[in-house]
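Structure, as structure tokens:
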Amino acid sequence: MTVARLTRRAVIATVSLAAGAAFAAGTLMSAALAQPLEKATVGVLALSSSGPIFIAKAKGYFEKEGLDVELKMFTSAQQVPVAVTSGDVDFGVTGLTAGFYNLASKGAVTIIAAQSRDEPGFPLSAYLATNAAYDAGLKAPADLKGKRVAITTVGSTFHYMIGLLAQKHGFTVKDVTMVPLQDVPKMVAAFKGGQVDAIIAPSTVSRQLVADGAGKMLGWVGDETPWQLGALFTAPKTMKDRRPLVEKFVRAYKTALAEYHAAFNGKDAAGNLVKGPGYDELLTIIAEATKQKPDIAAAGLPYVDPQARLLVDDVINQVKFWQSEGQVDKALDPKSVMDLSIAGQ
4 MTVARLTRRA VIATVSLAAG AAFAAGTLMS AALAQPLEKA TVGVLALSSS
54 GPIFIAKAKG YFEKEGLDVE LKMFTSAQQV PVAVTSGDVD FGVTGLTAGF
104 YNLASKGAVT IIAAQSRDEP GFPLSAYLAT NAAYDAGLKA PADLKGKRVA
154 ITTVGSTFHY MIGLLAQKHG FTVKDVTMVP LQDVPKMVAA FKGGQVDAII
204 APSTVSRQLV ADGAGKMLGW VGDETPWQLG ALFTAPKTMK DRRPLVEKFV
254 RAYKTALAEY HAAFNGKDAA GNLVKGPGYD ELLTIIAEAT KQKPDIAAAG
304 LPYVDPQARL LVDDVINQVK FWQSEGQVDK ALDPKSVMDL SIAGQ
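Numbering (the numbering used here), first residue to last: 4 to 348.
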């Protein structure tokens with residue numbers, strides 16, 4: 004009888020202890036979940052190339068890493084690294100320009116992961132000729148030597164695309180008359196008005212120009228000269244002083260990159276792009292963020308590496324090109340503009 008009572012008491016005590024431990028664990032977990040999210044800001048452009056950032060925000064991937072990320076929208080690529088330099092944003096994701104590398108040469112920004120790139124088989128940036136220039140013999144990208152080509156600004160991504168084309172076909176940028184017009188709408192107006200012979204334009208713009216009969220498509224930059232168009236970057240000081248924050252941000256970003264890649268970058272046996280898992284959901288997120296109709300947003304979806312891997316050799320080439328153009332300090336070591344340790348490259 005006594006043994007039975009002791010056994011019952013032991014069981015009750017054990018159950019009580021277990022319940023107490025479970026309660027305590029639950030309380031600790033609730034307290035952990037109740038911790039305020041760490042705030043961070045990222046500068047982006049309202050373009051499909053920023054899609055993985057929009058996805059990470061909309062699907063709560065940043066929150067799962069304990070981050071409250073605010074998106075700050077900018078209208079030009081150069082504004083973003085300037086905002087990182089000033090501390091207005093913690094991270095930036097956009098196209099790489101001479102201005103970016105100038106800031107990198109001063110130790111103000113560093114690349115930590117890849118964004119979009121011009122890749123074979125992915126229509127992102129196109130070469131177009133006016134009808135008059137086409138009829139006069141401008142039939143292929145290599146024929147841009149000696150022609151007038153509209154760009155946004157000297158030092159822009161368009162400038163580098165011309166530089167890459169020149170490197171491939173044995174001429175120099177000086178053999179092309181670049182006409183800086185500040186923005187894409189002005190480039191389009193000059194193209195339609197016959198003030199230039201050619202233009203390099205985003206896929207949505209180039210397709211519309213061809214559909215309107217304003218010019219002829221010569222090819223895609225990704226097929227002609229693949230390159231690393233954009234990157235995710237931050238300040239070296241942020242990498243040093245807030246590395247756990249950067250690690251959390253990059254993890255969420257890579258989750259979204261992989262999802263984006265699976266949805267938009269798949270191809271069938273014939274090499275045609277096919278819709279992958281979550282295509283419609285993710286396209287809706289990007290269309291809403293860029294304020295475009297889904298079909299327009301879909302036409303400009305770029306290639307992204309699912310693991311955020313950077314085309315390091317091209318980044319090195321970019322720095323050397325801008326140095327040769329007198330746009331970036333020749334003392335800059337190209338490898339010093341990258342810190343890919345967190346991205347795992």
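Backbone N, C-alpha and C define an ideal beta-carbon position, used for all residues, glycine too.
Which partner residues of residue i appear in the DSSP bridge assignment?
| i | result |
| --- | --- |
| residue 181 | 152 |
| residue 94 | 45 and 237 |
| residue 276 | 270 |
| residue 120 | 306 |
| residue 349 | No information on residue 349 is available, as it lies outside the stretch 4 to 348 that the chain covers here. |
In terms of residue numbering, what span does the beta strand (DSSP E) encompassing residue i cover?
| i | result |
| --- | --- |
| residue 205 | 201–205 |
| residue 73 | 70–77 |
When DSSP labels each residue in this structure, what does residue i get in the three-state scheme?
| i | result |
| --- | --- |
| residue 114 | strand |
| residue 25 | Because residue 25 carries a pLDDT of 47, less than 50, the predicted location of this residue cannot be relied on, and no value is offered for it. |
| residue 2 | Residue 2 falls outside the range modelled here, since the chain spans only 4 to 348, and no answer is possible. |
| residue 265 | helix |
| residue 6 | Only weak support is given to the placement of residue 6: the predicted model assigns it a pLDDT of 45, under 50, and the value that follows is read from those uncertain coordinates. Correct three-state label for residue 6: helix. |
| residue 168 | helix |
| residue 221 | strand |
| residue 53 | helix |
| residue 336 | coil |
Just curious, the alpha helix (DSSP H) that residue i is in, first and last residue?
| i | result |
| --- | --- |
| residue 329 | First-last for residue 329: undefined, no H or E at that position. |
| residue 133 | Where residue 133 is concerned, there is no enclosing alpha helix (DSSP H), although the beta strand (DSSP E) it sits in stretches over 128–133. |
| residue 107 | 101–108 |
| residue 193 | 187–195 |
| residue 293 | 282–293 |
| residue 65 | 64–67 |
| residue 84 | 82–89 |
Tell me which same chain residues have a C-beta within less than 6 Å of the C-beta of residue i, skipping the five on either side of it?
| i | result |
| --- | --- |
| residue 84 | 95, 103, 106 and 112 |
| residue 172 | 145 |
| residue 76 | 49 |
| residue 341 | 114 |
| residue 156 | 183 |
| residue 159 | 100 |
| residue 281 | 266 |
| residue 304 | 51 and 267 |
Less than 8 Å between C-beta atoms, sequence neighbours within five positions excluded: which residues of the same chain meet that for residue i?
| i | result |
| --- | --- |
| residue 182 | 151, 152, 153, 154, 193, 198 and 199 |
| residue 285 | 54, 58, 262, 263, 266 and 267 |
| residue 131 | 194, 201, 202, 203, 204, 209, 212, 213, 218, 219, 220 and 221 |
| residue 70 | 40, 41, 42, 43, 248, 251, 252 and 255 |
| residue 165 | 147, 152, 154, 176, 179, 181 and 203 |
| residue 313 | 114, 116, 117, 231, 234, 341, 343, 346 and 348 |
| residue 319 | 337 and 338 |
Can you list, in chain order, the residues of its chain whose CB lies under 7 Å from that of residue i, leaving out five sequence neighbours each side?
| i | result |
| --- | --- |
| residue 135 | 197 |
| residue 297 | 286, 287 and 290 |
| residue 347 | none |
| residue 168 | 144, 147, 227 and 228 |
| residue 302 | 206, 207 and 210 |
| residue 345 | 115, 249, 250 and 253 |
| residue 174 | 148 |
What I want to know is whether the C-beta of residue i ends up closer than 8 Å to one or more non-hydrogen atoms of the ligand ATP.
| i | result |
| --- | --- |
| residue 60 | This structure lacks the ligand ATP, and indeed carries no ligand of any kind. |
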